[in-house]
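Residue numbers (the numbering used here), protein chains in the order written: chain A, 544 to 642; chain W, 25 to 178. Read the structure below first, then the notes.
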């Protein structure tokens, strides 16, 4: 847990949120992480085949969804990395004029 | 955004942006993502929601997200203009590898082209999930970890 707090602090500093109140930092980071997760969802969907998209819409059980996705998306980390990069870069471009 | 309040347009170089500027930046992104989602049909939206459910139930998703956020190349000051292209190329290569693995798994299981197939890999070698289950009473991921404890889950 301490590592997560420390990492969040590093990210806040990296995004130049360090001068904001802690609760403002938390709220902005939370929103940003949700944006990354939402972007990741869409990026994964875009990379599924047409057939996989059809099958996937009908799965309801958590175990079915988990097994299906683990076989279809072995590269979750790189999709998330790209989604984070896109989201963070856009966030920085729209908030920082000093770079 | 209220009239007269700070926005990214009037964020002056050298000044620290206010929390409102950051909130506005987050809201703009989430609105853009929502717009993309709303443009899909109901069936497609259901698939995307299922992906969200999977990310929610995946215990490692938060860890991956934190790793991704902390990636040094996500620092705009370290990344070149071709950073996105490189990430896309790497991902496309991985997806191509995955397609080839799925084709191999279909051949091994005698399934027709493009049919859904379940498989996993051990040291890069395709192994149908059913074989893994026979080996280790039902849990393919646990079997994989036994064979190669260093391997990543995804």
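For every residue, glycine included, the Cβ atom is placed at its ideal position computed from N, Cα and C. Bear in mind the structure is a predicted one, so any value in this text is a computation, not a measurement.
* **As assigned by DSSP and simplified to three states, the class of residue 562(A)** => Here residue 562(A) refers to the residue found at position 19 when the first chain is read from its first residue. In the three-state reduction of the DSSP assignment, residue 562(A) falls in the coil class, being assigned neither a helical nor a strand state.
* Run down chain W in chain order and give the residues with a C-beta less than 8 Å from the C-beta of residue 604(A). => Residue mapping note: residue 604(A) aligns to position 61 of the first chain, counting from 1. Going along chain W, no residue has its Cβ under 8 Å from residue 604(A), so there is no contact; the nearest lies around 10 Å.
* **Closest by C-alpha distance to residue 611(A), when choosing among 620(A), 591(A) and 621(A)** => For the purposes of this step, residue 611(A) is taken as residue 68 along the first chain, with counting starting at 1. It is 591(A).
* Report the residues of the segment 561-592 of chain A with a CB closer than 8 Å to any CB of chain W, ordered along the chain. => Cβ contacts with chain W: 562, 563, 564, 567, 570, 571, 574, 575, 576, 577, 578, 579, 580, 581, 582, 583, 584, 585, 587, 588, 590, 591 and 592.
* **Option nearest residue 149(W) by Cα separation, candidates 120(W), 138(W), 131(W) and 125(W)** => To locate residue 149(W), count along the second chain from 1; it is residue 125. When each option's Cα is compared against that of residue 149(W), the closest is 125(W).
* To the nearest whole angstrom, what separates the beta carbons of residue 50(W) and residue 574(A), a pair I think is in contact under 8 Å? -> Counted from its first residue, the second chain places residue 50(W) at position 26. Counted from its first residue, the first chain places residue 574(A) at position 31. About 4 Å; that satisfies the 8 Å criterion.
* Give a yes or no on contact between the segment 577-586 of chain A and the segment 621-630 of chain A, applying the rule of three or more CB pairs nearer than 8 Å. => yes
* At 4 residues or longer, and completely inside the segment 40-75 of chain W: list those alpha helix (DSSP H) runs for me, N to C. => 43-62
* To do: Look at the alpha carbon of residue 44(W) and the alpha carbon of residue 636(A), and state the distance between them as a whole number of angstroms.
  => As a first step, residue 44(W) is located in the second chain; it is residue number 20 there, counting from the start. As a first step, residue 636(A) is located in the first chain; it is residue number 93 there, counting from the start. Cα to Cα, residue 44(W) sits roughly 15 Å from residue 636(A).
* Would you decide whether residue 605(A) is buried or exposed? Buried here means 16 or more other CB atoms lie within 10 Å of its CB. => Your numbering for residue 605(A) matches position 62 in the first chain. Residue burial annotation: residue 605(A) is exposed, with fewer than 16 other C-beta atoms found within 10 angstroms of its C-beta.
* Per-residue DSSP class, three states only, for residue 83(W) -> Taking the second chain and counting its residues from 1, one reaches residue 83(W) at position 59. Any reading at residue 83(W) must be qualified, since the residue scores a pLDDT of 41, below 50, and its modelled position is unreliable; the value itself is stated next. Reduced to three states, the DSSP call for residue 83(W) is coil.
* To do: Taking only runs that begin and end inside the segment 578-625 of chain A, name each unbroken alpha helix (DSSP H) of 4 or more residues, in chain order.
  => 593-600 and 605-615
* Asked: Is it right to say residue 71(W) is buried, meaning 16 or more other beta carbons lie within 10 angstroms of its own, or is it exposed?
  -> If you number the second chain from 1, residue 71(W) lands on position 47. Residue 71(W) is buried by the Cβ-count criterion.
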